[in-house]
Amino acid sequence: MTAFVARRLLQTIPVLLLSSVAIFLLLRLAPGDPAQYIAGPDASAEGLAAARREMGLDQPWPIQYAVWLTHAVRGDFGIAFVTRYPVWDLVLQVLPATIELALAALILSTALGFVLGVVGALREGQFVDLAVGVLNAIALGVPNFWLGLILIIVFALVLRWLPPSGHVDFVRDPGQSLRYLTLPAITLAVQLSAVLARFVRASLLDVLHEDYVRTARAKGLPERSVIVRHALRNALIPVVTVMGLQFGRLLGGAVIVEAVFGWPGIGSLVITGVVARDYTVVQGVLTLLVTTFVLINLLTDLLYGVLDPAVRLGQKGGA
Amino acid sequence: MGSLIHRRVSRRRLLVEAGSAALLATALGACSPISTQPPATQAPAAKPATTEPAKPAGTAAPASAATAAPAPAAGQPKKGGTLRFGKMGDISTKDVHQLGAERYAIVNLAWDTPIRFDPNLKPQPWLAESFEFNKDDTVLTLKVRKGVKFHTGREMTADDFKFNLERVRKPETNTQMRFGSEKIQSMELPDPYTIVLKFAEPNPAIWDTLETLYIVDKENIDNKEFKQGIGTGPFKWLEWRPGERIVFERNPDYWQQGLPYLDRIDVIFNKDVSTLSVNMDAGAADVAEQSLDRDLIRLRDTGRFQAAISDYWSDFYYLGAVVTNAPTNNKKLRQAVNYAIDRQRFVNTALAGIGEAQSIPWPKNSPAYDADQAKFYKYDLEKAKQLVQESGLSNPSFTIVSAPTPSPNWTTLAEMVQADLQKTGVNAKIEVVENAVWRDRLTQRKMQHMWVGQFGFSHMHPSTLATLAFPWRVGANTSQYESPEYADLVKKAAVTADPSAAKKVYTDLTKLILDESFMMTVSPQKRTWLLAPYVKGFAYGVGNYVWLERCWLDK
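Sequences listed follow chains C and F, in order. 236 is the number that the working numbering gives to position 236 of the first sequence; each next residue is one higher, with no gaps. 80 is the number that the working numbering gives to position 80 of the second sequence; each next residue is one higher, with no gaps.
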């Protein structure tokens, strides 16, 4: 197990390095001058040069990258060009909102996806299964920005039950916070629950046709016990992977949903950084996101290994 | 579907599955854009007072009379409450001297200026309690109001005026106020509450500098640990959550006793202009600044909101033309384009009537405004065709650059002009680029032919426009238009204090602008605010900066 973890950890290093180079280059290659943005349209040549110097943009690209990397590996992602706040502070400022939304969406989608998937599998071929399939197809097909707008129109503008956009800190006012959280969480959860439902259903169906399930039934175990103890546990293995990947994606910022609901999360931070050509913010946040995604992937693999010893032993090549 | 997944599903398979689902969603999403055209609605007629510029001499009373409130604040003001002020986009810096177009809602909350303009552009006392020019307009003496404190508790003196005037002229400060301050030859402080500004020649435009010079705390602003803006304004900067909001709280030591009324102001940033109106409609905001014009009219007409539409025109929509590249280096072609702009249709449709078709860059309260010249370029396709023929160009073709932000109206304008130009045999191609790219091309003078945009500073002294606004700037404008006549007229406008002599200069300058057509003014972008019915005492100045020290909530 230790060797498995060590091997997977080593594999993350080139991924992180390559992605940081890609992020660095893409930002520099994009048109638009961050110094001009900071200095303003009326900056003099001296002012512009001063801004470039202060931002470190007067150095050649390899040196800029080397400086950034040496700081980044020590956890220092620099100072944002625009706000002059440390990038870490900005990330920490939006992280709670991102985690709130990601967790809420994950919990909702897991509950919904799990129930729909199990019902679909247990009623295979029946009307309920068909209905679940149609619902899933609709949920997957509806773009989440459109769904978000519809929810705003219905629940904020027509019924006036929930606020249309914004965010309130959970610690400041839990009740209000939940009201603001509801619509974006539902919007994100709908599509995610459909994905999960499909995997749960398919995985459970496969397991239900296994010999050991037939054996459990033949032994006279109650159906509930067969489903819960024998079938569901095994069926969860691929579902865990999907959930891990989706959670990583959600942490990466549900950019469009955040924009629709004015949710101040990681996605908004990245977009703001891109628009302002704030290299330090975008580099820092994207690198953190890639790292998070890689780590979640790694944890998923480890969990997969725990659930399925064959993966751990390398027989199935869980990478 | 179950057959897609086998007993031990590989992770690669799972990724493919998840990716397929995402692709399906994206593909369907791409099929559902909705576009609607607003109905033409006539906005209330605007009739701001127009007066000749007068030689000012200030008095000690604060310029509350300069306030332009959309609705009278009837009843006794109530103290307390939080105002939720929605606006588009975040601010770009904590340094008020560097704030750009995003400043309207923010600047007068935490900071004050030496003077404020009244509706006729006459300076009124503010942090400077009085001021006086000498006889030949080369020496200006300002008396600084006593007892004014920064949010740190330190008293403001004349030395703070000096520090701020010196700071804005430093190249590294990168502020538009540089040009005004650079004209000050020397500054003297005969006592802690008096500052004397000396100029080499008359400088009537100095009031523009003093009206936009937000006095910052010298002990804070250039500090490496500079965390928030500190001024003398009615509200203290409490917290900035980038991308989300800025929170201001009441300054209990504000120099105007009893003010402000509000306890707190949350300036909430919206990423999408439609969100502004949705938040208002749903009761999640108390003020929405510059929502879409059609939304403003629609919500106002429900009777549930107040609409404040400014008669002070500080910003204008325009088309710019580069005069050094073919074919827009041909003046006849540029004039043809100017005739092919259907300004009234743009105002009626894109702006829902909240605009004014005019071809000069001056608002009605500007001393340079001329009603005859304002309508010089009337929509006339026959005239445009004739000018194209006279240009000697055969099927001229060029590009108009636009950007999707800050206003969707930019591309609408470009499309309207493109369609009309086609009828005159001119082929215009529209290139929509990201705002950062648009801005880069504008400021680096990299536009190729034409572009669409907005310029500001029109509410200031006429010479200020050609000094500060990038597309107009003498010797450094995006059009690359240079002429001794233009430079001379701008220079004369800047130093001519006598009103009648100045009027002649402004007329000549306007004629030159119309003839050369390197900048084609289309319509003012009127500043608007949608207000909840309980918002009282809401006010704004001639620059359309919001004044909220007397704002209160009647609920």
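Quick reminder that beta carbons are idealized off the backbone N, C-alpha and C, glycines included. Bear in mind that the values here come from a model prediction, so they are computed numbers and not experimental data.
When the distance is taken between beta carbons, is C/V281 closer than 8 angstroms to C/A97? In this structure, the beta-carbon distance from C/A97 to C/V281 does not fall below 8 angstroms.
Please list, in chain order, all residues of the same chain as F/R298 whose beta carbon is under 6 angstroms from its beta carbon, the five residues on each side excluded. No residues qualify anywhere along the chain.
If you measure between the beta carbons of F/F131 and F/L140, is that distance less than 8 angstroms? Yes, Cβ-Cβ distance for F/F131 and F/L140 is below 8 angstroms.
8 angstroms is my cut-off, CB to CB: does F/F538 come that close to chain C? In terms of beta-carbon proximity, F/F538 stays away from the interface with chain C, with every pair separated by 8 angstroms or more.
F/D272: which of F/M88, F/N477, F/D554, F/G475 sits nearest, CA to CA? If you compare the alpha carbons of F/M88, F/N477, F/D554, F/G475 with that of F/D272, the shortest gap goes to F/M88.
Is the beta carbon of F/V144 closer than 8 angstroms to that of F/T209? The Cβ atoms of F/T209 and F/V144 do not sit closer than 8 angstroms to each other.
At least one CB of chain C closer than 8 angstroms to the CB of F/N279: is that the case? Yes, F/N279 counts as interfacial toward chain C.
Determine whether the Cβ of F/A532 lies closer than 8 angstroms to any Cβ atom of chain C. No, its Cβ sits nowhere closer than 8 angstroms to a Cβ of chain C.
Helix, strand or coil at F/L292 [DSSP, three-state]: In the structure shown, F/L292 falls within a coil segment according to DSSP collapsed to helix, strand and coil.
List the residues of chain F that C/A50 touches, going by C-beta distances under 7 angstroms, in chain order. The contacting residues are P171, E172.
Provide the residue span of the alpha helix (DSSP H) that contains C/G379, from first to last. Any question about residue 379 of chain C goes unanswered here, given that chain C covers just 1 to 319.
F/Q257 burial status per 10 Å Cβ neighbour count (16 or more: buried): Exposed is the call here.
Buried or exposed: F/V168, going by 16 or more other Cβ atoms within 10 Å of its Cβ? Its Cβ being crowded by 16 or more others within 10 Å, F/V168 is buried.
Would you mind reading off the limits of the beta strand (DSSP E) that contains F/Q124? Run containing F/Q124: 123-125, per the beta strand (DSSP E) assignment.
Is DSSP giving F/K429 helix, strand or coil here? F/K429 falls in the strand class under three-state DSSP.
Along the beta strand (DSSP E) that carries F/E188, what are the first and last residues, could you check? Run containing F/E188: 184-191, per the beta strand (DSSP E) assignment.
Own chain, CB closer than 8 angstroms to C/L251, minus 5 neighbours either side, in chain order: So the list reads T98, I99, A102, I266, L289, T292, F293, I296, once near-sequence residues are dropped.
Taking the straight line between their C-alpha atoms, what separation do you get for F/K492 and F/S463? About 8 angstroms.
Rounded C-alpha distance that separates C/A139 from F/N270: Per the coordinates, the alpha-carbon of C/A139 lies some 28 angstroms from the alpha-carbon of F/N270.
Distance check for C/L303 and F/V562, CA to CA, integer angstroms please. Residue 562 of chain F lies beyond the range of chain F shown here (1 to 555); nothing can be said about it.
So with CB distances below 7 angstroms, who are the chain F contacts of C/H71? Neighbours of C/H71 on chain F: none; closest Cβ ~17 angstroms, over 7 angstroms.
Kindly indicate which residue of F/R154, F/L83, F/T175, F/E211 has the alpha-carbon position closest to the one of F/M460. When C-alpha distances from F/M460 are compared across F/R154, F/L83, F/T175, F/E211, the shortest belongs to F/E211.
At 7 angstroms on the CB atoms, spell out the chain F contacts of C/I152, in chain order. Within chain F, the C-beta atoms nearer than 7 angstroms to that of C/I152 come from V278, in chain order.
Within the 8 angstroms Cβ cut-off, does F/N477 reach chain C? So no, F/N477 is outside the interface.
Bounding residues of the alpha helix (DSSP H) (the contiguous stretch that carries F/A352): Segment: none, F/A352 is in no alpha helix (DSSP H) and carries neither H nor E.
Considering only the beta carbon of each residue, do F/E219 and F/T152 sit closer than 8 angstroms? Closer than 8 angstroms, so yes.
Going along the region 246-272 of chain C in order, which residues come within less than 7 angstroms of chain F, judged by CB to CB distance? Correct list: A259, G262, P264, S268, L269, T272.
Please go through the same chain and pick out, in chain order, the residues whose beta-carbon is closer than 7 angstroms to the beta-carbon of F/L238, but skip the five residues on each side of it. Once the five neighbours on either side are set aside, the close Cβ partners of F/L238 are V247, F248, E249.
Going by DSSP in three states, F/G243 sits in which element: helix, strand or coil? Correct three-state label for F/G243: coil.
Please check if any C-beta of chain F sits within less than 8 angstroms of the C-beta of C/Y279. With 8 angstroms as the cut-off, C/Y279 does not count as an interface residue toward chain F.
Could you spell out the range, first to last residue, of the alpha helix (DSSP H) harbouring C/G175? Counting along the chain, the unbroken alpha helix (DSSP H) around C/G175 starts and ends at 174-208.
Flag this pair as touching only if the region 145-154 of chain C and the region 184-202 of chain C have three or more C-beta atom pairs under 8 angstroms; answer yes or no. By the Cβ test, the region 145-154 of chain C is in contact with the region 184-202 of chain C, since at least three Cβ pairs between them sit closer than 8 angstroms.
C-alpha distance - C/A194 paired with C/A235, whole-angstrom precision: If I take the Cα positions, the gap works out to 17 angstroms.
If you scan the region 411-479 of chain F from start to end, which runs of the alpha helix (DSSP H) of 4 or more residues do you find wholly inside it? 435-443, 462-468, all fully within the region 411-479 of chain F.
Does C/Y212 pass the burial test, meaning 16 or more other C-beta atoms within 10 Å, or should it be called exposed? A residue is called buried once 16 or more other Cβ atoms fall within 10 Å of its Cβ, and C/Y212, having fewer, is exposed.
Got a sec? Which residues, its chain only, sit under 6 angstroms from F/E431 by beta carbon, not counting five neighbours each side? Closer than 6 angstroms at Cβ, skipping near neighbours: T399, V401.
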